[in-house]
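Numbering (my numbering), first residue to last: 18 to 166.
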């Protein structure tokens with residue numbers, strides 16, 4: 018089961034859905050200057066890795082590509098294969114397969130925190146950008162292997 022989606026198991030229908038809101042307008046509206054500029058960099062990296070256009074998911078998640086999941090319970094839906102959100106406290110990157118596939122990269126990433134499927138970074142200046150790019154690529158590649166289109 019994909020880690021981040023477990024948060025939504027108790028809902029009858031996911032509230033966070035892909036929509037046509039403007040990603041660039043959303044990023045331009047981020048009030049924290051560093052977080053806004055860092056979001057542009059992350060958006061660029063994720064676009065390069067996925068070769069996909071970003072979409073807004075809900076009000077605050079920028080997602081790339083998507084997959085359809087079906088659980089044994091019959092619950093199903095769609096979710097981005099990789100994405101991020103410029104939150105008030107940090108940049109949240111959604112690492113959908115979890116951290117098992119990238120745990121060897123985390124020690125050399127720099128200052129960060131993790132939760133079940135989120136990688137939290139205060140600012141990109143705190144991390145090794147080559148390692149971050151590797152994390153994004155490995156996570157996305159894993160999801161493509163798991164959910165071929």
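Where a beta carbon is used, it is the ideal one built from N, C-alpha and C, also for glycine.
### Message
As a quick exercise: from 46, 72, 151, pick the residue whose alpha carbon is nearest that of residue 119.
### Response
For residue 119, the closest of 46, 72, 151 by C-alpha to C-alpha distance is 151.
### Message
According to DSSP, is residue 85 part of a helix, a strand, or is it coil?
### Response
Reduced to three states, the DSSP call for residue 85 is strand.
### Task
Could you please give the first and the last residue of the uninterrupted beta strand (DSSP E) stretch that includes residue 136?
For residue 136, the enclosing beta strand (DSSP E) begins and ends at 135-138.
### Message
Pop quiz: residue 62 and residue 153 are said to be a contact at Cβ under 8 Å. What is the actual Cβ separation, rounded to whole angstroms?
### Response
Yes, residue 62 and residue 153 are in contact; Cβ-Cβ is about 6 Å, under 8 Å.
### Query
Among the residues of its own chain, which have a CB less than 8 Å from the CB of residue 56, if the five just before and after it don't count?
Contacts found: 44, 47, 79, 101, 103, 108.
### Message
Within the continuous beta strand (DSSP E) that includes residue 99, where are the two ends?
### Response
Counting along the chain, the beta strand (DSSP E) containing residue 99 begins and ends at 99-103.
#### Entry: The beta strand (DSSP E) enclosing residue 59, as first and last residue numbers
It is not in any beta strand (DSSP E) - residue 59 instead sits in the alpha helix (DSSP H) that spans 50-67.
### Query
Does DSSP put residue 108 in a helix, a strand or coil?
Residue 108: strand per DSSP, three-state reduction.
### Message
I'd like to confirm the pairing. Which residues does DSSP put opposite residue 93 in its beta bridges?
### Response
Beta-bridge pairing links residue 93 to 87.
### residue 130 (DSSP reduced to helix, strand or coil)
Three-state result, residue 130: strand.
#### Entry: Assigned secondary structure, residue 146 (DSSP; H/G/I helix, E/B strand, else coil)
Note: residue 146 maps to helix in three-state DSSP.
### Query
If you run the structure through DSSP and keep just helix, strand and coil, what is residue 160?
Of the three classes helix, strand and coil, the one that applies to residue 160 here is helix, per DSSP.
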